[in-house]
Amino acid sequence: METPVKPGFRVIRGPDWTYKNQDGGKGYAGTVLRLHDERQPHFPKLSVLVQWDNGDKGLYRAGHDQGYDLRIIDTANAVCHPKVWCDGCDIDEIRGMRWRCTECYAFDLCTTCYMNDEHDLSHVFTRVLSSDKTSKGPKMLPRSSSPRLALKGSFAGAKVVKHPQWHKRLESDKLLGTVVRHGQTLEDKVNVRAAVEFSSGRERVDLNKIFCTLPGSGGFVYAGHLANLGDLERVNEGDNVLITATPAELEELHKRRGLWKPDMTKTFLEKGYVLKRTNTGDFTVTFHDSQETFTMNSAALRKIHPLSLGQLVRISDDIEMVKRLQSGHGGWTAAMKQAIGTVGKVVEIDGSDIHVKIKGNHKFVFNSVNLTPERFRAPKPDVDIKEKLRGKF
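Using full-length UniProt numbering, you'd call the opening residue of the sequence shown number 1 and step up by one each time.
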């Protein structure tokens, strides 16, 4: 995922869900309330607190132990795509996820239009979460071959009740209401809101202050096309990858998704090629040596980036994974700790062994999968230069 997790994100259960119907059932929506807080020991890293539209709350994994319990249905104004309009509804600035057709020139849809089947269902789209115009995003399967899921919760038509902590005892006439409109205005920065008709009049209410007694319909979504909350999604169709999960980790990662096959244990530290993304968001990977093919959890994969001499690269900051992957590639030494998370320059390439020079003229050999190309944004043009160029084109 290319945008950080924030409070206000709307979510549904994800691929690693193990909490029965705590959310209200498959397709029920909830709102992210809080992220990991170091001051609370019961709140583990890479986890979030979610309040479901049915009123229940819970802690869920957003990468903790490589588990992804939630999928994002709405980023609640956290992402804006300037000067990119929706070719379905003509809204002049797409907010949230952007869906770009790979088969038509400059054709984009907002999430509502994409999920409502605008445009050719056989066309392949990419999902773009970042407002960075250079961001491509992962490819989806055609919608024509993907299952849809009904959304339920505090959407239009839902019967809702105010949470007890948000009303006074003498305001019983204001407790029950009906959602007449769902969504956020441009000025809503954190919580998604709903317009609710109470007996005393209409109010705009944060979704974490109400819960539904009778859910409303939020339409349909292609659940397998949604991003997993907290997933960095570094892998895409057509990538060369290395299996970095140990045999024990492979079993755990795939059993909970119903993908486990005992022969997967042989793929540890093997190179593979991503054939396609499945309609559940997993990846079909074929292996160069054995020619076997498995459907795999992306948490077990790491992309192998093509690198060249003189290129700037960033060394992974996951020190335990770096140590694991250094086996057979020069090994690990205590001195290499200073290079973790830093940027260096490729000075020699010997197959998968990459010689990198870092600040201080120190040189180390790293496994290529421990390195990612470093990206630098071009500096903004000087104002005076822009003024000089104005009117010349």
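Even for Gly, the Cβ is constructed at its ideal location relative to N, Cα and C.
Item                                                                                                                                                                            : Value
My understanding is that residue 354 touches residue 365, with C-beta atoms under 8 Å, so please give their C-beta distance in whole angstroms.                                 : 7 Å
Between which two residues does the beta strand (DSSP E) containing residue 60 stretch?                                                                                         : 57–61
In whole angstroms, what is the alpha-carbon distance linking residue 21 and residue 97?                                                                                        : 27 Å
I think residue 137 touches residue 118, with their Cβ atoms under 8 Å apart; what is that distance to the nearest whole Å?                                                     : Not a contact, Cβ separation roughly 18 Å.
Could you tell me whether the region 241–253 touches the region 209–225, using the rule of 3 or more Cβ pairs below 8 Å?                                                        : no
Would you mind giving the Cβ-Cβ distance between residue 73 and residue 128, rounded to the nearest angstrom? I have them listed as a contact below 8 Å.                        : At roughly 16 Å, the Cβ-Cβ gap does not stay under 8 Å, so residue 73 and residue 128 are not in contact.
Tell me which same chain residues have a C-beta within less than 6 Å of the C-beta of residue 187, skipping the five on either side of it?                                      : Per-residue confidence for residue 187 stands at a pLDDT of 43, beneath the threshold of 50, marking its modelled position as unreliable; the derived number appears in the next sentence. Within the same chain, residue 187 has no close Cβ partners at all.
Can you look up residue 51 in the DSSP assignment and give me helix, strand or coil?                                                                                            : strand
Can you give me the Cβ contacts of residue 169 inside the same chain, cut-off strictly under 6 Å, excluding the 5 residues immediately before and after it?                     : Only weak support exists for where residue 169 lies, its pLDDT of 47 falling under 50; the coordinates are left without a value.
Between residue 179 and residue 131, is the Cβ-Cβ spacing less than 7 Å?                                                                                                        : no
For residue 373, which residues does DSSP report across the bridge?                                                                                                             : 313
I'd like to know if the region 215–234 and the region 261–270 are in contact, where contact means that at least 3 CB-CB pairs between them fall below 8 Å.                      : no
Could you tell me the alpha carbon to alpha carbon distance between residue 287 and residue 296, rounded to whole angstroms?                                                    : 12 Å
Between the region 192–202 and the region 46–62, do at least 3 Cβ pairs fall closer than 8 Å?                                                                                   : no
Mapping DSSP to helix, strand and coil, what is residue 292?                                                                                                                    : coil
Cα-Cα, which of 308, 285, 312, 279 is closest to residue 399?                                                                                                                   : Nothing can be reported for residue 399: it is not among the residues displayed for the chain, which extend from 1 to 393.
Specify the secondary structure class of residue 261 as computed by DSSP and reduced to three states.                                                                           : coil
Helix, strand or coil: how does DSSP classify residue 65 here?                                                                                                                  : helix
Just the C-alpha distance for residue 236 and residue 114, rounded to the nearest angstrom, thanks.                                                                             : 20 Å
Can you tell me whether residue 114 is helix, strand or coil according to DSSP?                                                                                                 : helix
How would you call residue 262, buried or exposed, if buried means at least 16 neighbouring beta carbons within 10 angstroms?                                                   : exposed
Compare the beta carbon distance of residue 230 and residue 76 with 7 Å and say whether it is the shorter of the two.                                                           : no
Looking at C-alpha atoms only, which residue of 25, 141, 260 is the closest neighbour of residue 275?                                                                           : 141
Take the Cβ of residue 238 as the centre, count every other Cβ of all protein chains shown within 10 Å, and call the residue buried at 16 or more, exposed below.               : exposed
In terms of residues, what are the limits of the alpha helix (DSSP H) holding residue 325?                                                                                      : 319–325
Just verifying my parser: in three-state terms, what is the DSSP assignment at residue 124?                                                                                     : coil
Confirm, please, whether the CB-CB distance from residue 332 to residue 326 is below 7 Å.                                                                                       : yes
Within the same chain, show all residues whose beta-carbon is closer than 6 Å to that of residue 84, passing over the 5 residues directly before and after it, in chain order.  : 94, 108
Taking just the CA atoms, how far does residue 152 sit from residue 216?                                                                                                        : 6 Å
Among the candidates 86, 122, 116, 91, whose CA atom is the shortest distance from the CA of residue 106?                                                                       : 86
Within the same chain, show all residues whose beta-carbon is closer than 8 Å to that of residue 190, passing over the 5 residues directly before and after it, in chain order. : Legend: pLDDT at residue 190 = 39, less than 50; position of this residue unreliable, no value from coordinates given.
Go through its chain and collect everything with a Cβ distance to residue 323's Cβ below 7 Å, but skip five positions before and after it.                                      : 332
Here's the rule I'm using: 16 or more other beta-carbon atoms within 10 Å means buried, otherwise exposed. How should residue 110 be labelled?                                  : buried
Can you tell me the Cβ-Cβ gap for residue 304 and residue 369, rounded? I've got them flagged as a contact below 8 Å.                                                           : 6 Å
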